[in-house]
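Q: When the count follows my numbering, it moves up by one through the sequence shown with no breaks and lands on 442 for the last residue.
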Amino acid sequence: MYKKAVSRVFALSACAISLQAYSNGVTVNEQSASGAGTAFSGRASTVLDASIIYGNPAGLVKLKRSEISGGFAVIDPSIDIKNVSSGARGTNKGDSAPITTIPFGYASSPLSDDVSVGIGVYAPFGLINDYESSFQGRYHGSYSMVKVITFQPTISFRINDFISVGGGLTINRLDGKLKNDLATAALNPTGKDTELKIKGDDTAIGYNLGVMIDISESATWGLAYHSKVDYSLKGHISVSESPAAFRLNGRYGTSMDVTLPESVDTSLTYRFDEKLTGYLGTTWTRWSRLKDLTAENEGIPPLGVALGFGTVGEEVNFRDIWSVAVGTAYQLTPQWVLRTGFAYDPSPTTNEDRIVRIPVGDRRTVTVGAGYSPLSELTFDIAYAYLWENAAPVSQSNSSGLQPAYSAKYENSAHGLTAQMTYRF
Numbered sequence: 018m019y020k021k022a023v024s025r026v027f028a029l030s031a032c033a034i035s036l037q038a039y040s041n042g043v044t045v046n047e048q049s050a051s052g053a054g055t056a057f058s059g060r061a062s063t064v065l066d067a068s069i070i071y072g073n074p075a076g077l078v079k080l081k082r083s084e085i086s087g088g089f090a091v092i093d094p095s096i097d098i099k100n101v102s103s104g105a106r107g108t109n110k111g112d113s114a115p116i117t118t119i120p121f122g123y124a125s126s127p128l129s130d131d132v133s134v135g136i137g138v139y140a141p142f143g144l145i146n147d148y149e150s151s152f153q154g155r156y157h158g159s160y161s162m163v164k165v166i167t168f169q170p171t172i173s174f175r176i177n178d179f180i181s182v183g184g185g186l187t188i189n190r191l192d193g194k195l196k197n198d199l200a201t202a203a204l205n206p207t208g209k210d211t212e213l214k215i216k217g218d219d220t221a222i223g224y225n226l227g228v229m230i231d232i233s234e235s236a237t238w239g240l241a242y243h244s245k246v247d248y249s250l251k252g253h254i255s256v257s258e259s260p261a262a263f264r265l266n267g268r269y270g271t272s273m274d275v276t277l278p279e280s281v282d283t284s285l286t287y288r289f290d291e292k293l294t295g296y297l298g299t300t301w302t303r304w305s306r307l308k309d310l311t312a313e314n315e316g317i318p319p320l321g322v323a324l325g326f327g328t329v330g331e332e333v334n335f336r337d338i339w340s341v342a343v344g345t346a347y348q349l350t351p352q353w354v355l356r357t358g359f360a361y362d363p364s365p366t367t368n369e370d371r372i373v374r375i376p377v378g379d380r381r382t383v384t385v386g387a388g389y390s391p392l393s394e395l396t397f398d399i400a401y402a403y404l405w406e407n408a409a410p411v412s413q414s415n416s417s418g419l420q421p422a423y424s425a426k427y428e429n430s431a432h433g434l435t436a437q438m439t440y441r442f
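1. With DSSP run on the structure shown, which of helix, strand or coil describes ARG371?
2. Quick check: SER133 and LEU77, are their CB atoms within less than 7 Å of each other?
3. Is it true that the CB of LYS214 sits closer than 7 Å to the CB of LYS426?
4. By a C-beta neighbour count over all protein chains shown, 10 Å radius and 16 as the cutoff for buried, is ASP97 buried or exposed?
5. Looking at GLU234: is its Cβ nearer than 7 Å to the Cβ of ILE119?
6. Starting from SER390, trace the alpha helix (DSSP H) both ways and give me its first and last residue.
7. Does the Cβ-Cβ distance between ALA75 and SER173 come in under 7 Å?
8. Please list, in chain order, all residues of the same chain as GLY104 whose beta carbon is under 7 Å from its beta carbon, the five residues on each side excluded.
9. Can you look up SER416 in the DSSP assignment and give me helix, strand or coil?
10. Let me know the secondary structure DSSP gives ILE176 once reduced to three states.
11. For SER272, which residues from the same chain have a beta carbon less than 6 Å from its beta carbon, with the 5 sequence-adjacent residues on both sides left out?
12. First and last residue of the alpha helix (DSSP H) that includes THR51?
13. Buried or exposed: where does PRO351 fall if 16 or more other Cβ atoms within 10 Å of its Cβ makes it buried?
14. What residue from ILE166, THR384, MET229, ASN266 has the CA that sits closest to ILE222's CA?
15. Can you grab the Cα-Cα spacing for the pair SER244 / PRO278, in whole Å?
16. Can you give me the start and stop residues for the alpha helix (DSSP H) that ILE222 sits inside?
17. According to the neighbour-count rule (16 or more other Cβ atoms, all chains shown, within 10 Å of its Cβ), is TYR39 buried or exposed?
18. Once DSSP output is grouped into helix, strand and coil, what is the label at TYR148?
19. For ALA360, I'd like the list of residues in its chain whose CB is within less than 6 Å of its CB, leaving aside the five on either flank, ordered along the chain.
20. Does ALA422 come out as helix, strand or coil in the three-state DSSP assignment?
21. If we require 3 or more residues per run, which beta strand (DSSP E) segments fall completely within the region 232–303?
22. Taking Cβ positions, are GLY158 and ASN109 nearer each other than 7 Å?
23. Residues in the same chain with beta-carbon distance under 8 Å from ASP218, minus the five sequence neighbours each way, listed in chain order, please.
24. At the level of alpha carbons, what is the spacing between THR311 and ASP337?
25. Does the region 252–271 come close enough to the region 299–309 to have 3 or more Cβ pairs within less than 8 Å?
26. Which value, in whole angstroms, describes the spacing of the CA atoms of SER364 and LEU65?
27. Apart from the five residues on each side of it in sequence, which residues of its chain come closer than 7 Å, Cβ to Cβ, to ALA200?
28. Do the region 142–150 and the region 174–183 make contact, defined as three or more Cβ pairs closer than 8 Å?
29. Determine whether the Cβ of GLY184 lies closer than 7 Å to any Cβ atom of chain C.
30. Hey, LEU293 and TYR242 are a contact pair by Cβ (cut 8 Å); roughly how many whole angstroms apart?
31. Rounded to a whole number of angstroms, what is the C-alpha to C-alpha distance between PRO94 and ASP130?
32. Since ALA90 and GLY433 should fall inside the 8 Å C-beta cutoff, what is the C-beta to C-beta distance between them, to a whole number of angstroms?
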């Protein structure tokens, strides 16, 4: 039983760093307030400011002047846990996700009429999930923190009057920290459950490529490719309050190779007249790359190695998804533009594979936004988003003998406010 219990927990802890960093539930879309107002429906085909560095690097050459653009998003999530069934005592408050602020910034400059360069810094993924200490599902996950920060130098070329291309390297930093418990209080002289903590990080290289085509004076089509990223996570696992029979109290090194999936984003921008513009976009993400993950642990005591704790793994079984978005913008006056949008983003996990660390369902988002340009050199953008997910059942069994079964229905929603300022010179 000890072998099965600890091996499974080591695997869950190590694998969760990458799972949470790139799942539907922690994907960060807030790299731009100007794009957020239309639910990012025209992200690959609309050039509003230097945030196009993320959306589609091909569009950078369409900016006529140098500019600096930056801002932040504030996300206020809500988690409602219902229909709980568990083999453990405890609570289910459902307030585990705190208010989070996400910054972003960009700078760009044309080198000529046909070449532009830029730099972007943004957070494509992130999560903070901190359940109360008495959470009934704490044996399957009690604390999760993942931060991904990306730095992207970019160059864009104008091929002719209709076509532009662009690309850039992405330098991606991933940091994660996770915790969960083992139900060992009855075996422990201290009367406490075993606590496991894992920390890991890595910096990895990827790239973004894009093409943008003016189909007519009214229509622009764009296609952007965000590459897969190969991480080799390094970190440590800490075990405390472990019974003597486990012989595992201490800190051990761990490593895991993970390939995170590529995505393709395409959109169409259509200008109906001088005031009204429509957007339609879709994104395909190859989540099916995440079938299983394996962690290699170092420094495990000889008994632990003999029991098979040196190499552990966990199935993931993610699936590819298509997300879609539609939006509009209306130029109310020369200074004011109004925006709105809707997006649908299905979950990459299923009812059979959903866990308390990633209790996400299919997501729907409605947005409204506005842009204000008091001067030709200066623009302020703001956007509000409300997102909600369909009820997401979680059911995790006590296959280890030390992780009491837990099942519940999660109903998730969030409010988001994004603000941005762009200065041109």
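Note that beta-carbon positions come from the ideal geometry of N, C-alpha and C, so glycine has one too.
A: Once the coordinates are examined:
1. coil
2. yes
3. no
4. exposed
5. no
6. No alpha helix (DSSP H) holds SER390; the beta strand (DSSP E) holding it covers 380–392.
7. yes
8. ASN415, PRO421, ALA422
9. coil
10. coil
11. LYS251, GLU313
12. Checking the displayed sequence, the identity of residue 51 turns out to be Ser instead of Thr. 50–53 is the extent of the alpha helix (DSSP H) around SER51.
13. exposed
14. ILE166
15. 7 Å
16. From DSSP, ILE222 is part of no alpha helix (DSSP H) but of the beta strand (DSSP E) over 211–231.
17. Only weak support is given to the placement of TYR39: the predicted model assigns it a pLDDT of 35, under 50, and the value that follows is read from those uncertain coordinates. Per the 10 Å Cβ criterion, buried.
18. coil
19. ALA56, ALA342, THR382
20. coil
21. 236–243, 246–257, 267–277, 280–288, 293–302
22. no
23. ARG190, LEU191, ASP192, GLY193, LEU250, LYS251, GLY252
24. 21 Å
25. no
26. 29 Å
27. ALA105, TYR156, ASP210, LEU419, GLN420, PRO421
28. no
29. Among the protein chains of the structure shown there is no chain C, as only one such chain exists.
30. Wrong, their Cβ atoms sit about 30 Å apart, outside the cutoff.
31. 44 Å
32. 6 Å
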